[in-house]
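J.: So the sequence shown is numbered by our numbering: it starts at 8 and just counts up by one. Ideal Cβ placement from N, Cα and C applies to all residues, glycine included. Quick caveat, the model's predicted, so the values are computed rather than measured.
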Amino acid sequence: MSRVRALSALVLVLALSAPASGQVPMSDGGVPLVDAVDAGDTDRTALVDPFIGSFAPGFTNPGPVLPHGMVGLGPDTAEGPLNYGGYYVNNALITGFSHTHMSAGVFHGGHIPLMPVVGDVDTSITEHPAGAPIPGYASPFDRATEIAEPGYYAVTLLRDQVDVELTATLRTALHRYTFPPAPLSQPSDRHVVVDLGRTLKGLYGGEATLVSDGLVTGVVHTDVSGPMPVHFALEVDQPMGWTTLDGTQLRQGETVGSDDRIGLIGTPHVDAPVETLHVRVGISYTDEAGAVANLRAEQPDFDFGATRARADAVWEEALARIEVEGGNPADTVRFHTALHHAQLFPNLHSDVDGRYRGPDQRIHHDPDRPHYSQFSLWDSYNGQSALQAVINPDAYRDMLHSLADFADQNGGALPRWQLGPNDPGYMSGDPVIPFIGEGWCRGLVDDTELADRLEAQLRHLVDRREASWHDLGYLPTEHAPLWAQFEAGGRDAGKTLEYGLADFALALMTGEEDLVASSQAYEALLDPETGFIRPRDGSGTFLPEFSPENGYGFQEGTSWQYSWLAAHDYGGLLDAMADSDHPLSPEDKLDVFFNLPASGTVPIAWPKVQNQATAFGVAYYGNQYAPGNEHDLQAPFAYSWLGVPWKTQAVTRAAISVYTPTPDGLPGNDDLGALSGWLVWAMLGLHPAVPGAPGYTIASPVFPDAVIHRPGHGDLVITADGASAAGRFVQDATLEGQPLDTTWVTDAHLGLVPDAPSSQPTTLSLEMGELPSDWATGSTPPSASTDPLQAWGCAA
Numbered sequence: 008m009s010r011v012r013a014l015s016a017l018v019l020v021l022a023l024s025a026p027a028s029g030q031v032p033m034s035d036g037g038v039p040l041v042d043a044v045d046a047g048d049t050d051r052t053a054l055v056d057p058f059i060g061s062f063a064p065g066f067t068n069p070g071p072v073l074p075h076g077m078v079g080l081g082p083d084t085a086e087g088p089l090n091y092g093g094y095y096v097n098n099a100l101i102t103g104f105s106h107t108h109m110s111a112g113v114f115h116g117g118h119i120p121l122m123p124v125v126g127d128v129d130t131s132i133t134e135h136p137a138g139a140p141i142p143g144y145a146s147p148f149d150r151a152t153e154i155a156e157p158g159y160y161a162v163t164l165l166r167d168q169v170d171v172e173l174t175a176t177l178r179t180a181l182h183r184y185t186f187p188p189a190p191l192s193q194p195s196d197r198h199v200v201v202d203l204g205r206t207l208k209g210l211y212g213g214e215a216t217l218v219s220d221g222l223v224t225g226v227v228h229t230d231v232s233g234p235m236p237v238h239f240a241l242e243v244d245q246p247m248g249w250t251t252l253d254g255t256q257l258r259q260g261e262t263v264g265s266d267d268r269i270g271l272i273g274t275p276h277v278d279a280p281v282e283t284l285h286v287r288v289g290i291s292y293t294d295e296a297g298a299v300a301n302l303r304a305e306q307p308d309f310d311f312g313a314t315r316a317r318a319d320a321v322w323e324e325a326l327a328r329i330e331v332e333g334g335n336p337a338d339t340v341r342f343h344t345a346l347h348h349a350q351l352f353p354n355l356h357s358d359v360d361g362r363y364r365g366p367d368q369r370i371h372h373d374p375d376r377p378h379y380s381q382f383s384l385w386d387s388y389n390g391q392s393a394l395q396a397v398i399n400p401d402a403y404r405d406m407l408h409s410l411a412d413f414a415d416q417n418g419g420a421l422p423r424w425q426l427g428p429n430d431p432g433y434m435s436g437d438p439v440i441p442f443i444g445e446g447w448c449r450g451l452v453d454d455t456e457l458a459d460r461l462e463a464q465l466r467h468l469v470d471r472r473e474a475s476w477h478d479l480g481y482l483p484t485e486h487a488p489l490w491a492q493f494e495a496g497g498r499d500a501g502k503t504l505e506y507g508l509a510d511f512a513l514a515l516m517t518g519e520e521d522l523v524a525s526s527q528a529y530e531a532l533l534d535p536e537t538g539f540i541r542p543r544d545g546s547g548t549f550l551p552e553f554s555p556e557n558g559y560g561f562q563e564g565t566s567w568q569y570s571w572l573a574a575h576d577y578g579g580l581l582d583a584m585a586d587s588d589h590p591l592s593p594e595d596k597l598d599v600f601f602n603l604p605a606s607g608t609v610p611i612a613w614p615k616v617q618n619q620a621t622a623f624g625v626a627y628y629g630n631q632y633a634p635g636n637e638h639d640l641q642a643p644f645a646y647s648w649l650g651v652p653w654k655t656q657a658v659t660r661a662a663i664s665v666y667t668p669t670p671d672g673l674p675g676n677d678d679l680g681a682l683s684g685w686l687v688w689a690m691l692g693l694h695p696a697v698p699g700a701p702g703y704t705i706a707s708p709v710f711p712d713a714v715i716h717r718p719g720h721g722d723l724v725i726t727a728d729g730a731s732a733a734g735r736f737v738q739d740a741t742l743e744g745q746p747l748d749t750t751w752v753t754d755a756h757l758g759l760v761p762d763a764p765s766s767q768p769t770t771l772s773l774e775m776g777e778l779p780s781d782w783a784t785g786s787t788p789p790s791a792s793t794d795p796l797q798a799w800g801c802a803a
């Protein structure tokens, strides 16, 4: 949104109408963009601020993208090491407008950048020691003209006074450049640079072909743990002449190539006096024919207004999946922006004809369903995955098919963190298992053939783990010098906990008690002296070079932050902590971890201090909660297993407070929507705290009224009378009018029963107050060490 529009959104009051049936928007490739939900007349896209998270470490890009779109169009800025998302709100130069971006802490994307230029084009490159290369034609831009909203972006480039507007479909982008009129610029002075060999990660080789006067095709040969070519097809609405970056004329039918940087410059013919130039671009991970087919199917003309209107309509539908009323304006913007970010990823990977590139680098074809990639699995299982499975089950089912296909083409191995056709394997554990569990336990694996394939692939993951896991029941950590405890390394203690979570999710799917036992692997590392998860060597000796405030044995965290990573058996974990020799009880430890009462009484200031203590996710030391990373996102809900749910309510509200309607409004890398997915649930007052299980802990809703539309099932209506900034604490609760004295509810309790779908809504009613109460203090959620698997409500 523009700066003016952002202020308007903060004073806009939601007037949500009751849902009615509506037509489902379809892509030209037959992909349903959203399930049928009528957004009514509410302008929900006005409640989204895409600039939220564009200051490090959020790494979001404000460009126009459709839900799960293959094209991630947006501006790229320069001048620094923190440009993972391509755009950094503090930077002063725009280097181009490229077609792929992702909100994670790795350099990726920036493919096929375009840039309008007036006059001589400076194609020189300045290498940045810790960032993307900066081209000589980069331009300062006018922030006062910058507008970002779902499906649209606009800005004025100051050097040449060119107005840039962007919009998109699923697999194509449409650029509109308005050059200064004559005599300020002549057709021969107006250029479009296609710097296809320059990406956010560096310079790459490729090829480009002038197919006809208006069509240019090509490919850039990038690599992410394997080849990842990105093909494109580009057309302009005016006759153009094309040269290479060094000025060599490109003839029709001619192909040019390079092993390093490659690019083209297009210039309108002298008989093209119109100042406004439209460029449409289709991309494909398959081949040139796929890029051309995507372009022809989804962007058959240059009608910018119509494309922008369709993008806006798609986002209105997607944002209507959850309706909220009664929050303050800032909360409303935070919520809708999070709902927007949480639906950007995973991305389409297949072309309109169903073809896609697999991890075997072969071209596969699935005419029945779209194929997806960009699975940030280690991050997404703390809320985002469950959110997508509930509000967009058809797309989630297709994603499960995509994962199964990936494994079939990858020697049976499911990915850990899929990017394009490859698995770079970022982070640790087997997070794909709870991702699959979110769908499996909600009845989305309703195909016997798919179930058989997935089960075999899931067992293959477990079987191929390290021998020490199977022999010892945990992963040993090597001894290291004393100074090593001040470094994050030897991630095996944390990985042991990740495997345990995955095994429990698999146990829910299969019903196997052996997996329940292995899911409690934390027991092998729970130090009876300190009451913390402590690295252990292969002989069973706890490492003496251990301090829970430091990161040795853990990835991107400390033992203080990782020790809560066993939500499926919080009862057993907390009991074991209580039995240790540590002077603090588990509840006292949590109080220290969240710095209660400070974080509860000063909800914005102290959580900000906690988060910034990690240097925005770069350094992990100390004993404080790190809301900017995913390893301890479930920790606020541990209080519910201790019978003090009011503390869960206090600390979740404190954690919510670090998400602000500002460019620095994300506490960490959004990691393809993971943090945003967590925020959506937290603001609704429910959280799927056990990865892979269709159950929720009740926390502290921000909005007095919310409706979650669940396709194929009745709505979930959440009322929270008295919810406000001060009204954080649940006083009483009813479910369908019956008293509810527990913080734990499953999908079945909430009316989502896959085998017996009903269109009737289910109502969860909470009474909120300003003081803690004794509501639900006598009941705790289930734990793996004491409760049967049926308690988690899996529909397997």
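Taking Cβ to Cβ, would you say A487 is nearer than 9 Å to L504?
T.: Taking the sequence shown and counting its residues from 1, the one referred to as residue 487 is at position 480. Taking the sequence shown and counting its residues from 1, the one referred to as residue 504 is at position 497. Cβ atoms of A487 and L504: not closer than 9 Å.
J.: In angstroms with no decimal places, state the Cα-to-Cα distance between A733 and G545.
T.: Position 726 of the sequence shown, counted from the first residue, corresponds to residue 733. Position 538 of the sequence shown, counted from the first residue, corresponds to residue 545. If I take the Cα positions, the gap works out to 51 Å.
J.: Counting only the same chain and skipping the five closest in sequence on each side, list residues whose C-beta sits under 6 Å from that of G334.
T.: As a first step, residue 334 is located in the sequence shown; it is residue number 327 there, counting from the start. The residues are V709, F710.
J.: My assumption, with CB atoms under 8 Å, is that P438 sits in contact with L384. Please give the rounded CB distance.
T.: Reading the sequence shown from its first residue, position 431 is the one you call residue 438. Reading the sequence shown from its first residue, position 377 is the one you call residue 384. Their Cβ separation, rounded to whole angstroms, is 4 Å, which keeps P438 and L384 in contact under 8 Å.
J.: Does the contact criterion of 3 or more C-beta pairs under 8 Å hold for the segment 172-188 versus the segment 73-86?
T.: The segment 172-188 vs the segment 73-86: in contact.
J.: Given this structure, state the Cα-to-Cα distance separating D586 from G538, to the nearest angstrom.
T.: Along the sequence shown, one-based indexing puts residue 586 at 579. Along the sequence shown, one-based indexing puts residue 538 at 531. Rounded to the nearest angstrom, the two C-alpha atoms are 8 Å apart.
J.: Cutting at 7 Å between CB atoms, please list the residues of its own chain near P789, excluding the five before and the five after it.
T.: As a first step, residue 789 must be located in the sequence shown, where it is residue number 782. So the qualifying residues of the chain are W751, A798, W799.
J.: Assign E330 to one of three DSSP states: helix, strand, or coil.
T.: Taking the first residue of the sequence shown as 1, we reach residue 330 at position 323. Note: E330 maps to strand in three-state DSSP.
J.: For a test of the three-state rule: what should DSSP assign to A161, helix, strand or coil?
T.: Start at 1 with the first residue of the sequence shown, and residue 161 comes out as number 154. Correct three-state label for A161: strand.
J.: Quick check on T440: does DSSP put it in helix, strand or coil?
T.: As a first step, residue 440 must be located in the sequence shown, where it is residue number 433. Before going on, a small fix: residue 440 reads as Ile here, not Thr. DSSP places I440 in helix when its eight states are reduced to three.
J.: CA-CA distance, P74 and D639?
T.: Working through the sequence shown from its first residue, we reach residue 74 at position 67. Working through the sequence shown from its first residue, we reach residue 639 at position 632. Cα to Cα, P74 sits roughly 27 Å from D639.
J.: Taking the alpha-carbon of V277 as reference, which of E295, S265, L252, Q245 has the nearest alpha-carbon?
T.: For the purposes of this step, residue 277 is taken as residue 270 along the sequence shown, with counting starting at 1. When each option's Cα is compared against that of V277, the closest is Q245.
J.: Within 10 Å of its beta-carbon, does D412 have 16 or more other beta-carbons around it, so buried, or fewer, so exposed?
T.: Mapped onto the sequence shown, residue 412 falls at position 405. Its Cβ being crowded by 16 or more others within 10 Å, D412 is buried.
J.: Can you check whether the CB of E556 is closer than 9 Å to the CB of N630?
T.: Taking the first residue of the sequence shown as 1, we reach residue 630 at position 623. Taking the first residue of the sequence shown as 1, we reach residue 556 at position 549. Yes, the Cβ-Cβ distance between N630 and E556 is below 9 Å.
J.: Quick one: Cα of R449 to Cα of D762, how far?
T.: Counting from 1 along the sequence shown, the entry for residue 449 is found at position 442. Counting from 1 along the sequence shown, the entry for residue 762 is found at position 755. Straight-line Cα distance between these residues: approximately 10 Å.
J.: Check Q395 in the structure and name its three-state DSSP category.
T.: Counted from its first residue, the sequence shown places residue 395 at position 388. Looking at Q395 - three-state DSSP - the assignment turns out to be helix.
J.: I think L771 touches L796, with their Cβ atoms under 8 Å apart; what is that distance to the nearest whole Å?
T.: In the sequence shown, counting from the first residue as 1, residue 771 sits at position 764. In the sequence shown, counting from the first residue as 1, residue 796 sits at position 789. So it is not a contact: roughly 24 Å between Cβ atoms.
J.: Could you give the distance in angstroms between the alpha-carbon of G719 and the alpha-carbon of Q767?
T.: Working through the sequence shown from its first residue, we reach residue 719 at position 712. Working through the sequence shown from its first residue, we reach residue 767 at position 760. So the two alpha carbons sit approximately 10 Å from each other.
J.: Indicate whether L508 and H575 have their beta-carbon atoms separated by less than 9 Å.
T.: For the purposes of this step, residue 508 is identified with residue 501 of the sequence shown, where counting begins at 1. For the purposes of this step, residue 575 is identified with residue 568 of the sequence shown, where counting begins at 1. Yes, Cβ-Cβ distance for L508 and H575 is below 9 Å.
J.: What residue range does the beta strand (DSSP E) around M690 cover?
T.: As a first step, residue 690 is located in the sequence shown; it is residue number 683 there, counting from the start. Unbroken run through M690 is the alpha helix (DSSP H), 681-691; no beta strand (DSSP E).
J.: For L326 versus R51, is the C-beta spacing smaller than 9 Å?
T.: Locating residue 326 in the sequence shown gives position 319, where the first residue counts as 1. Locating residue 51 in the sequence shown gives position 44, where the first residue counts as 1. Yes, the pair counts as a contact, with Cβ atoms nearer than the cut-off.
J.: Does the segment 250-267 come close enough to the segment 303-315 to have 3 or more Cβ pairs within less than 8 Å?
T.: Short answer: they don't touch.
J.: Return the Cβ separation of D415 and P422 in integer angstroms, given the expectation that the two are a contact with Cβ distance under 8 Å.
T.: Numbered from its first residue, the sequence shown carries residue 415 at position 408. Numbered from its first residue, the sequence shown carries residue 422 at position 415. Between P422 and D415 the Cβ distance is about 12 Å, and since that is not below 8 Å, they are no contact.
J.: Between which two residues does the beta strand (DSSP E) containing Q738 stretch?
T.: Locating residue 738 in the sequence shown gives position 731, where the first residue counts as 1. Here the beta strand (DSSP E) through Q738 covers 736-742.
J.: Report buried or exposed for Q368, applying the criterion of at least 16 other Cβ atoms within 10 angstroms of its Cβ.
T.: If you number the sequence shown from 1, residue 368 lands on position 361. Exposed: under 16 other Cβ atoms inside 10 Å.
J.: In terms of residue numbering, what span does the alpha helix (DSSP H) encompassing L522 cover?
T.: Here residue 522 corresponds to residue number 515 of the sequence shown, with the count starting at 1. First-last of the alpha helix (DSSP H) with L522: 520-525.
J.: Quick one: grab the DSSP three-state call for Y433.
T.: Indexing the sequence shown from 1 puts residue 433 at position 426. DSSP places Y433 in coil when its eight states are reduced to three.
J.: Do P701 and L759 count as a contact pair if the criterion is CB distance below 9 Å?
T.: Numbered from 1 along the sequence shown, position 752 holds the residue referred to as residue 759. Numbered from 1 along the sequence shown, position 694 holds the residue referred to as residue 701. Contact flag set, yes.
J.: Buried or exposed for H716, please, with buried defined as at least 16 other CB atoms from any protein chain shown within 10 angstroms of its CB.
T.: Here residue 716 refers to the residue found at position 709 of the sequence shown. Counting Cβ neighbours within 10 Å, H716 comes out buried, since at least 16 surround it.
J.: So P400 is in the alpha helix (DSSP H); what residue range does that whole segment cover?
T.: Here residue 400 refers to the residue found at position 393 of the sequence shown. Start and end: 400-415.
J.: Tell me the rounded alpha-carbon separation between G116 and L207.
T.: Translated into the one-based positions of the sequence shown, residue 116 becomes position 109. Translated into the one-based positions of the sequence shown, residue 207 becomes position 200. Using only the alpha carbons, I get a separation of about 6 Å.
J.: Can you name, in chain order, every residue of its own chain whose Cβ lies under 6 Å from the Cβ of P542, other than the five neighbours on each side?
T.: Indexing the sequence shown from 1 puts residue 542 at position 535. The answer, listed in chain order, is T484, A500, L550, G560.
J.: Candidates Q168, A145, A137: which alpha carbon is nearest T152's?
T.: For this step, residue 152 is matched to residue 145 along the sequence shown. Cα-wise, what sits closest to T152 is Q168.
J.: Within the chosen definition, does the segment 282-298 reach the segment 231-239 through at least 3 CB pairs nearer than 8 Å?
T.: Touching, yes, given that three or more Cβ pairs across the two stretches are closer than 8 Å.
J.: Using the three-state DSSP reduction, which class does D35 fall into: helix, strand or coil?
T.: Within the sequence shown, the letter at position 28 stands for residue 35. Residue placement at D35 is poorly supported in this model, since its pLDDT is 40, which falls under 50; the coordinates still yield a value, given next. Here D35 sits in coil by DSSP.
J.: Distance check for P428 and A296, CA to CA, integer angstroms please.
T.: Counting from one through the sequence shown, the residue named residue 296 turns up at place 289. Counting from one through the sequence shown, the residue named residue 428 turns up at place 421. Rounded to whole angstroms, A296 to P428 spans 18 Å at the Cα level.
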